[in-house]
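Its first residue numbered 0, the sequence shown is counted upward by one per residue in numbering that gives the first Met the number 0. The beta carbon of each residue, even a glycine, is placed where N, CA and C say it ideally should be. Bear in mind the structure is a predicted one, so any value in this text is a computation, not a measurement.
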Amino acid sequence: MTSPENVFITYSSKDTAYSVIFKFSVLSKANANSLMQGDNFINTALIPYSDKDKRLYGEYKIVQSFEDKMSRSVLIDSYLTKQADEYLPEAYFKINEYISLKGRVLSTITCRAAGARAQKHMIDSTFSLYHGMCSKIITQNKELLDTAGRALEPKP
Numbered sequence: 000m001t002s003p004e005n006v007f008i009t010y011s012s013k014d015t016a017y018s019v020i021f022k023f024s025v026l027s028k029a030n031a032n033s034l035m036q037g038d039n040f041i042n043t044a045l046i047p048y049s050d051k052d053k054r055l056y057g058e059y060k061i062v063q064s065f066e067d068k069m070s071r072s073v074l075i076d077s078y079l080t081k082q083a084d085e086y087l088p089e090a091y092f093k094i095n096e097y098i099s100l101k102g103r104v105l106s107t108i109t110c111r112a113a114g115a116r117a118q119k120h121m122i123d124s125t126f127s128l129y130h131g132m133c134s135k136i137i138t139q140n141k142e143l144l145d146t147a148g149r150a151l152e153p154k155p
């Protein structure tokens, strides 16, 4: 699987950061077909909200989902916490994410405010400040994701 990723930091301070991340991945036919089966796409998108191996916990709200014969997409509003370890304090993330699978191309737009759990109030404020911008980015770039994704898909 190839995974080019571009990260754009739109706001950053000592305690918090706000990122907009565009990511495109070309899946193998087997992986793409597996995600198209039943609830596999949604279940895979929701893995981070109960990933005990990575010490991640959170809650999510599926704002919108779509599926047809050749594509799947989901828009998720959520938060995650990552428990402290020997290197980092407890972290907190507010996330708005659009995930789309068209053919073999998996693409995402993620808007994320992050920082130390102790700064939760500041992170929530930062996320609220930029949430309208994120919604607009997702709305305006859904078609761009599809176009860029098709360009990445291997030709037969």
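Classification of Y78 by the beta-carbon crowding that lies within 10 angstroms, buried from 16 upward: Per the 10 Å Cβ criterion, buried.
Let me make sure I understand the geometry here. Which of D123, T80, A83 and G102 has the alpha-carbon closest to that of M35? Comparing Cα positions, the closest option is G102.
Jot down the residue ranges of each uninterrupted beta strand (DSSP E) in the segment 24-100, minimum 3 residues, whole runs only, in chain order. Here the runs fully enclosed are 55-66 and 70-81.
Quick one, are the C-beta atoms of L173 and Y59 less than 9 Å apart? A query on residue 173 cannot be resolved here, the shown segment of the chain reaching from 0 to 155 and no further.
Opening and closing residue of the beta strand (DSSP E) in which S106 lies: Per DSSP, the unbroken beta strand (DSSP E) holding S106 starts and ends at V104 to A115.
Beta-carbon gap between I122 and G131 smaller than 9 Å: Against a cut-off of 9 Å, the Cβ pair of G131 and I122 comes out as no contact.
Of the residues A90, I41, T138 and K68, the one placed nearest R54, counting alpha carbons only: In terms of Cα proximity to R54, the closest of A90, I41, T138 and K68 is A90.
How close, in whole Å, do the beta carbons of I108 and I136 come, if the pair is a contact with beta carbons under 8 Å? Yes, I108 and I136 are in contact; Cβ-Cβ is about 6 Å, under 8 Å.
Quick check on the burial criterion: 16 or more other C-beta atoms within 10 angstroms. Buried or exposed for S72? Answer is buried; the Cβ neighbour count reaches 16.
Span separating the alpha-carbon of N39 from that of S24: Whole-angstrom Cα-Cα distance: 17 Å.
CA-CA distance, T138 and C110? Approximately 13 Å between the Cα atoms of the pair.
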